[in-house]
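Note that the UniProt record's numbering gives residue 292 to position 292 of the sequence shown, counting from 1, and the numbers run on in steps of one. For every residue, glycine included, the Cβ atom is placed at its ideal position computed from N, Cα and C. Heads up, the thing below is written out as structure tokens.
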Amino acid sequence: MNKRIIAMILTAVMLFPITSLTALASSNELEVQGSNTALVDTNQEVEVGNYTIDEESSIVEDSTSEVTVDNNASDITENKQETIEDTTEQSDNQQSENQTDSLPQSNEKTSDDSQTVTTDSEVDKTGLQIGVTGPAAVTNLNYQSLNYKTIKLTWDVSEGATEYAIYVAFEEAGSYEKVTSTSSTSYESKVSCGKIYYYKVVPYADVIQGAETVIKVNTKPEKASRLSATVKNTTVKLSWKKGKGAESYAIYRSEKKNTGFEKITETKKLKYSDKNLKQGKTYYYKIYSVSNETESAKALSSKALRIPKGPKAVKSLKYKAENYKTITLSWKASKGATKYVIYRSTTQDGSYKKVKTTSSTSYKNKVSCGKIYYYKVVPYADSLMGTEKIIKAYTKPDKITKLKARVVDDTTVKLTWKKAKGASSYYVYRSTNKNKDFTKIGETKSAKYYDSNLTPNVTYYYRIYSVSNGTKGTKSACSVTIPQGGSGGIDTSDNMRAVWISYLDYDTLKDKSESEFTKNINAIYDTVLAQNINTVIVHVRAFGDAIYPSGYYKWANFITSDSDGPDYDPLKIMVEEAHKKGLSFQAWINPYRTSDGGRVNPASSSAVKKIVGGVEEIVRNYDIDGIHFDDYFYLSTDSTSQSVKMKNVNNMIRQVYAKIKYIKSNVLFGISPAGNIEYAQSIGCDVDTWLSESGYVDYICPQLYWSDDYVTKSGVSTKMFTNTMKQWIGINQNNTALYAGLALYKVGVSLETAWGNDYGWGNSTSNLYNQYKSAKSAGYAGYSLYRYGSFSLPAAKKELANLKKLSQ
């Protein structure tokens, strides 16, 4: 029979009044009338069968078990001889001190057959009470922490209670686990320090359960001990001895002794360093032991800890730009300071890097010209940092010198100056008023600038600033007035002393690494400069190819054997290195010549478009000073009429000139045609137009490659150099600049050719000197030597030495 049913029957037998029960033998049913009925005789045998309390009552099933009940309800037996056994108490020392995830263990064992009794009386469907209320809930339930791992529960006696069951859970509404039963009114239990438990005490009157009482319980770790607190500079160091039960320690800090404490950290260590505290402030600390997020009841408190004050900020901090790359900082000593640490940054609020520690009151520093720096000077008293002070500092590039403004033509002025130390570029400003209204009109990296589209009879005022990293140096000023009619042609006030560096001179430049190439081109430039030459005319496109990464032309095989070109830009290096040495750089192009020695069709619009595009990419992408064409135009064997040849060539020349001036008006465009005017015209060079009209060229450099000792095959002596040189002067109707192309490659050799003999080159070592002296007197503005490779000829040394005299 179900044990719960047995318990219910026994309860009814013990508590119902005996006099209210009447047996109904005729129906073999036991009928109960009213609410106060009970069995007549507790010793009477209960017959086997169905029994009912009323019409709505539950039916007790047949059973062969016999139940014996005495008046004291002291024993309950079945023929199955089931018994309720007492549980055995467990020892306290079996409970783990640091148990965190399990409840305190039971101190008794309960039989698997133990009965469960509800607190409230059970009621049938008609509302008939068939149970009773157990003992009242215990009162004055309290707990005491005996130490960090032991608690003691105490309560007052509940009337009628014979024992008390103790249950425990981690949450108040959680699942409770029975840990013991006791007849005492107290209970001790091992717990995990700081962990929260909920204990439930339930009184029992024998097996009748009373009302429960729940209490929240936890222990706290013990206070730490032996606090040590020391101050060093702006750091407080704390250390202490372990508090029993503590897993970690919460550190609180305040600037007041008794209030305002705020938690600053929590650590599992027995020490802590509080850094970067405010100088001159007093701090107080409290340290609480912590376990399972529960802090100790009392804190370990420190004494007042005062942070010393470091030296005050330095006074009179200033800087001086010693030159374009050196700054000197200086300041007055800070009282108490034993040293100064200097930090530097490129932004005021950025990251500062330590650059110097010194006991001096000044500091000198190398810098990048024009770049803005921020210096932080921090005084120290030994290792105690004082108050910092910051200053902004920078240098300026040197002021330019030797500024000159020269009239080029009736709308153009050329400005020149000597480069300034530290300058990476130059700003050009212009006004028509001497003291105001200056407008920036350009920026250049070279030491010259062409100002175009000006008005004659107007005075222009210029200010030039050297610039580095966006910082301007001190201005230099000049002025110029363009006279009516101008000076015509290109600027002739500065003589151009040039040399052609042909593709034939690339033997030390081809297939070199970037560093080797740079080294070797500088060696060429140094040789040139030794001759007092100021311009290099360098072959950049000789045969429909290029020495730079081009969008139109393949890589030239005289610069690289690799069809993909080198991993650097040779032209970029050439231009930059030339300018570093003060050389003007002109890009030399053969516009029509092809790789097989032939020509592209000058009448082809696509061919012209390609030529112009090739020029444009050079002018846009490189800081060149000029574009230079030489004497390769139509083939002499071409049957096209001379007038058509000239028309086609002029069409190309005008487009090139216009494109150059549209992109950079200060870039020159010049041509070096064959010296024999009739021959030059026969291959399409309309030199008369070029030297009489604007919009074609800035200069002409005819190749005057004869001596005056030249004799034709027919025996006629014509003073070939002098007469040809003068012919070019004669057709120059626009005062276009003329430069004399001189034949350095012929010096020291007596020549015999199919057209005539020229013994003058072998008879004298002053041919070049005499030729340029004569040309200069006739109005030529300079010369160009063909070519660089001829510098090494045996006779060249004396010829060049004599020529150099004219430029000293």
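- Approximately 6 Å separates the beta-carbon atoms of Tyr460 and Thr432; this is inside 8 Å, confirming the contact.
- Ranking Asp562, Gln531, Thr527, Lys572 by CA distance to the CA of Tyr548 puts Lys572 first.
- The Cβ atoms of Ala304 and Lys286 lie no closer than 7 Å to each other.
- In terms of Cβ geometry, Gln279 and Gly260 do not form a close pair [threshold 7 Å].
- Counting the other Cβ atoms within 10 Å of the Cβ of Lys200 gives 16 or more, which makes it buried.
- Secondary structure note for Tyr343: its beta strand (DSSP E) is the uninterrupted segment 339-345.
- Listed in chain order, the beta strand (DSSP E) runs fully inside the region 554-602 are 584-589, counting runs of at least 3 residues.
- For Glu262, the number of other beta carbons within 10 angstroms of its own is below 16, and it is reported as exposed.
- It is roughly 48 Å from the alpha-carbon of Lys366 to the alpha-carbon of Ile251.
- Below 8 Å, too few C-beta pairs join the region 450-464 and the region 636-646 to call them touching: fewer than three.
- In the structure shown, Arg787 falls within a coil segment according to DSSP collapsed to helix, strand and coil.
- Rounded to whole angstroms, Ala205 and Gly160 show a C-alpha spacing of 6 Å.
- Take Val747, set aside five residues on each side of it, and the residues of its chain with a beta-carbon closer than 8 Å to its own are Trp761, Thr765, Asn767, Leu768, Ser790, Leu793, Ala795, Ala796, Glu799, in chain order.
- Counting the other Cβ atoms within 10 Å of the Cβ of Gln586 gives 16 or more, which makes it buried.
- With respect to the C-alpha of Ala313, the residue from Met385, Leu785, Asp451, Ser301 having the closest C-alpha is Met385.
- Look at Gly160 here: in three-state DSSP terms it is coil, with no helix or strand label.
- The beta carbons of Thr444 and Ser424 sit about 11 Å from each other, so the pair does not count as a contact at 8 Å.
- Per DSSP, reduced to three states, the secondary structure at Ser383 is coil, with no helix or strand assignment.
- Within the same chain, Leu227, Ser228, Ala229, Ile251, Lys271, Tyr272, Ser273, Asp274, Tyr285, Ile287, Ser302 come within 8 Å of Leu238 by CB-CB distance, once the 5 residues on both sides are set aside.
- With a cutoff of 7 Å on beta-carbon distance, Asp623 and Val656 are scored as not near each other.
- Contact annotation: the region 549-558 does not touch the region 597-608, with fewer than three C-beta pairs closer than 8 Å.
- Cβ atoms of Tyr450 and Ile441 stay farther apart than 8 Å, at about 11 Å.
- Between the region 328-342 and the region 361-381, the count of C-beta pairs closer than 8 Å reaches three or more; the two stretches touch.
- The alpha carbon of Asp567 has as its nearest neighbour, out of Tyr739, Lys325, Gly551, Glu514, the alpha carbon of Glu514.
- Judged by their CB atoms, Thr326 and Lys320 are not nearer to each other than the 7 Å cut-off.
- Scanning its chain for C-beta atoms nearer than 8 Å, with the 5 sequence neighbours on each side dropped, one finds around Pro135 the residues Ser158, Glu159, Gly160, Ala161, Pro203, Tyr204, Ala205, Ile208, Gly210, Ala211, in chain order.
- Counting only runs of at least 3 residues, the region 498-539 fully encloses no beta strand (DSSP E) element at all.
- Residue state for Glu388 is assigned as coil, using DSSP reduced to three classes.
- Secondary structure note for Gln642: it is in no beta strand (DSSP E), and the uninterrupted alpha helix (DSSP H) holding it is 642-663.
- Closest option to Asn147, judged by alpha-carbon separation, among Thr185, Ala137, Asn218, Phe170: Asn218.
- Residue pairing by DSSP places Tyr429 opposite Lys440, Arg463 in a beta bridge.
- The C-alpha of Gly670 lies about 46 Å from the C-alpha of Tyr373.
- Pairing Gly614 with Glu322, the inter-Cα distance amounts to about 47 Å.
- A straight line joining the alpha-carbon of Phe543 with that of Met725 spans about 29 Å.
- In this structure the region 495-515 does not lie against the region 403-415, because fewer than three pairs of beta carbons, one per stretch, are closer than 8 Å.
- Between Asp156 and Thr185 a beta carbon distance of about 7 Å is seen, short of the 8 Å cut, so the two are scored as contacting.
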